[in-house]
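Here the structure comes first, spelled out in structure tokens, and everything after it is commentary.
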């Protein structure tokens, strides 16, 4: 069964681009945006990752931690972060355990499967507040910033 709005978010522990383990339970007390993208260093994924990185200060002002996640491994993430000087952590889920548990859909392009671009917004108590499906990488960061402002004032 897929996660529903209002549910407690799935507990996870995944490595970032430096091999450091990020534990979901350590993130409580802040908003968390987890954006799923298909592959490091591809056009749409680069646009989306750079936009979040470029606007990270605005997210921090809203007490929000931003993480990218894909099935790429730690070394791929490390290269991607370095190439574009990305400011947020990228989480590696090469076996797709968390992505599958979250109900992220998979698509296929030229014979290669990939996880669909999906984002999850989690409130400071760990509750799923919004799911973004079929995300357009251009302008997604603005949409999320506006949603955090609206949800935080409820």
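In my numbering, the protein residues as written are 9 to 162.
Cβ coordinates follow ideal geometry from the N, Cα and C atoms, glycine included.
Cβ neighbours of residue i in the same chain (closer than 7 Å, five flanking residues each side left out)
i, result
"residue 49", "88 and 91"
"residue 97", "24, 25, 30 and 75"
"residue 9", "Because the pLDDT at residue 9 is just 48, under 50, the model does not fix this residue reliably, and the value given afterwards should be weighed accordingly. Cβ within range, chain order: n/a, list empty."
Residue i classed as buried or exposed, judged by whether at least 16 other C-beta atoms fall within 10 angstroms
i, result
"residue 137", "buried"
"residue 19", "exposed"
"residue 100", "buried"
"residue 51", "exposed"
"residue 34", "exposed"
"residue 79", "buried"
"residue 73", "buried"
"residue 133", "exposed"
"residue 22", "buried"
"residue 117", "exposed"
"residue 127", "buried"
Identified DSSP bridge partners for residue i
i, result
"residue 138", "129"
"residue 22", "30"
"residue 16", "135"
Own chain residues within Cβ distance below 6 Å of residue i, not counting five before or after
i, result
"residue 63", "149"
"residue 154", "none"
"residue 43", "76 and 127"
Residue closest to residue i, alpha-carbon to alpha-carbon, out of the options
i, options, result
"residue 84", "110, 71 and 46", "46"
"residue 163", "21, 143, 159 and 129", "Residue 163 lies beyond the range of the chain shown here (9 to 162); nothing can be said about it."
"residue 36", "71, 14, 61 and 13", "71"
"residue 82", "157, 114, 102 and 66", "102"
"residue 14", "155, 139, 60 and 38", "139"
"residue 41", "21, 106, 77 and 28", "77"
"residue 2", "107, 123 and 108", "The question about residue 2 has no answer, for the chain in this structure spans 9 to 162."
"residue 146", "125, 158 and 156", "125"
Beta-carbon proximity list for residue i, same chain, < 8 Å, skipping 5 on both sides
i, result
"residue 58", "92 and 94"
Go through the stretch 40-128 residue by residue and report every complete run of the alpha helix (DSSP H) that reaches 4 residues or more, in order. 51-62, 64-69, 82-92 and 105-109
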